[in-house]
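Residue numbers (the working numbering): 6 to 296. Single-structure report; data block below.
Next up, the structure:
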């Protein structure tokens with residue numbers, strides 16, 4: 006179910022601007038998501054979204070963003086996709102993400118986008134324009150296997166399409182990254198999966214992978230995930246309950262071996278496990294002039 010709503014604000018300050026992508030401001034046009042990923046942490050109670058499969062659409066997002074950027078003097082990387090995918094299925098119809106990108110381009114702000122969808126290619130013209138300042142895209146890929154992806158991310162584009170989208174974005178000179186997270190214990194946490202993802206990252210010109218080689222579980226999100234395990238992976242739930250009990254961060258015993266596999270494979274292709282932010286790139290450019 007989708008519902009159009011009028012938002013009061015769009016941009017929020019990032020409490021942790023130094024983490025992962027260096028975003029100083031965040032926005033989410035959509036509240037909820039249509040990709041139906043079985044593991045999504047945004048189902049947790051703390052986010053106060055009663056039914057995450059229902060989509061609330063901030064129909065006035067572009068006008069809010071225009072007003073807020075017009076009044077904001079201090080620029081910084083604007084991030085989207087932290088809570089809900091900016092390229093959820095309804096974006097095809099509403100084109101609100103595209104309209105917001107046009108406004109971000111108008112005000113010469115850097116952008117970081119996290120998504121699971123190759124629909125982002127529709128907006129490669131605007132992202133390329135923003136990239137004259139700075140643009141980066143992180144594509145979430147947790148498995149190379151399209152059949153497995155269809156089970157754990159049933160309404161998202163197949164992993165193969167996401168890899169291809171990264172290749173096109175990389176060829177356009179846009180900074181690309183794979184967010185390799187979560188890696189579901191007993192399902193995805195094996196060397197073959199990690200090596201296949203790194204191999205494909207290299208093939209498609211991806212220079213960065215940001216990993217979390219486990220998953221988080223809590224309250225309502227955990228209950229939903231366990232329900233889906235029972236439906237799709239008989240017997241796995243018992244392993245989770247015995248191994249993790251009430252833990253929030255959940256890893257299997259092979260985490261160190263898996264981390265070493267990822268590090269060695271990434272080093273082989275000169276892929277970094279930390280993505281540079283806009284501020285870091287600017288600092289490096291400034292330092293180069295002093296040398």
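Where a beta carbon is used, it is the ideal one built from N, C-alpha and C, also for glycine.
Cβ-Cβ distances below 7 angstroms link residue 110 to 131, 134, 135 in the same chain, with the five nearest sequence neighbours on each side left out; the list follows chain order.
Excluding sequence positions up to five before and after residue 96, its CB lies within less than 7 angstroms of the CB of 102, 124, all in the same chain and listed in chain order.
Excluding five sequence positions before and after residue 196, the CB atoms of its chain that fall closer than 6 angstroms to its own CB belong to 266, given in chain order. Residue 271 is classed as buried because its beta carbon has at least 16 other beta carbons within 10 Å across all chains shown.
Looking only at 177, 194, 189, 205, the smallest Cα-Cα distance to residue 183 is reached by 205.
The beta carbon of residue 49 sits closer than 8 angstroms to the beta carbons of 223, 224, 225, 226 from its chain, once the five residues preceding and following it are set aside; these are given in chain order.
Between residue 93 and residue 52, the gap from beta carbon to beta carbon reaches 8 angstroms or more.
A contact between stretches requires three or more CB pairs, one per stretch, nearer than 8 angstroms, and the region 170 to 183 fails this requirement with the region 56 to 71.
Taking 4 residues as the shortest admissible run, the region 242 to 289 contains the following complete alpha helix (DSSP H) segments, listed from N- to C-terminal end: 260 to 273. In the structure shown, the three-state DSSP call for residue 240 is coil. Look at residue 155 here: in three-state DSSP terms it is helix. For residue 143, the secondary structure class from DSSP, reduced to helix, strand or coil, is strand.
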